[in-house]
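Everything below concerns the one structure shown next.
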Amino acid sequence: MEICVLNSGSNGNAIFIASGSTGILIDAGLSARVLRARLGRIGRELRDLSAILVTHEHVDHCRGLPGLAKACPAIQLYANESTAAGVEFNVKAPLPVPWSIFETGSGFTVGSLHVQSFAVPHDTGDPVAYVVDDGSRRIGVATDLGTVTPVVERHLRDCDVLVLETNHDVDMLRQSGRPWSLIQRILGRQGHLSNEQAAELVGTVLSGRLRAIFPAHLSEDCNTPECALFALRAILQKKGCAGIALLPTHRDGISEHLVF
């Protein structure tokens, strides 16, 4: 399998995952032009995409869908019913490709990849996260959630790779000068995971097969890559797993291209 986080942050999110001849995007918050360029940096093209899986309808996860669907008329779009309706409302542009609708909590197959959806707490209609596997390797992706539930823990166990939200440092957020209502939203059950919450989750789901973690969806103003990495590194050292790779993601470029 291979994975590259093409962009991660409130300005746009997109994650490329592939196995064999099957390539997918999780979310499409960037234009087709930018995604084409980012894929090109890892030797890939838009035509390598079989499907786009959408986690929820916030525009930083779906604004690129109209252009991508036009550029790739054979591509499949996957979302649950609530998210599909929310995307069509938010992007305010027609989607020339029909939706493949799934029920939250169900699994489906895209080429050589099996995808398992599961519910996460976030302030949208019916947000999901995904685990993608090719029969022997598993990638868990959970990038917008306000708290960790037993469902989240169960699905993220025994993954080889995690893409996990480390949105904010709590002290930086509280001292940010942002409106208190926004701070409460971010800290709330349907907001975003802090560095400490993400680290605690890693400590809970840690298994012998985990080889890499991509800390994702970092706040531009209320976090730093160093803070996120420090929190994750501390829990890994505490658990005796310091050899697990921590691979930064970026809001203006691609992560390391991991092939395993």
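Residue numbers (our numbering): -15 to 244.
For glycine and all other residues, C-beta sits at the position ideal for the given N, C-alpha and C.
| Asked | Found |
| --- | --- |
| Counting only runs of 4+ residues fully inside the segment 39 to 124, write out the alpha helix (DSSP H) ranges in chain order. | 49 to 55 and 65 to 75 |
| Is the number of C-beta pairs between the segment 64 to 72 and the segment 13 to 23 that are closer than 8 Å three or more? | no |
| Near glycine 4, which residues of its chain fall below 8 Å by C-beta distance, leaving aside the five closest residues on each side in sequence? | Gly95, Ser96 and Asp118 |
| Indicate whether isoleucine 238 and leucine 52 have their beta-carbon atoms separated by less than 7 Å. | no |
| Taking three-plus beta-carbon pairs below 8 Å as touching, is the segment 152 to 166 in contact with the segment 115 to 133? | no |
| Starting from the Cα of asparagine 207, find the closest Cα among His234, Ala196, Gly224 and Gln221 and give me that residue. | His234 |
| So for leucine 190, helix, strand or coil by DSSP? | coil |
| Taking a contact to mean a Cβ-Cβ separation below 7 Å, would you say aspartate 32 touches glycine -4 in this structure? | no |
| What residue from Glu72, Lys76, Val147 and Ser90 has the CA that sits closest to proline 82's CA? | Glu72 |
| Between the C-alpha atoms of aspartate 11 and cysteine 46, what's the straight-line distance to the nearest angstrom? | 6 Å |
| Are the CB atoms of serine 90 and tyrosine 62 within a distance shorter than 7 Å? | no |
| By a C-beta neighbour count over all protein chains shown, 10 Å radius and 16 as the cutoff for buried, is alanine 226 buried or exposed? | exposed |
| Quick one: using the 10 Å Cβ neighbour count with 16 as the cut-off for buried, is leucine 148 buried or exposed? | buried |
| Between aspartate 142 and valine 135, what straight-line distance do the alpha-carbon atoms span, to the nearest angstrom? | 14 Å |
| Hey, out of Glu41, Leu171, Ala77 and Leu220, whose CA is closest to proline 50's CA? | Ala77 |
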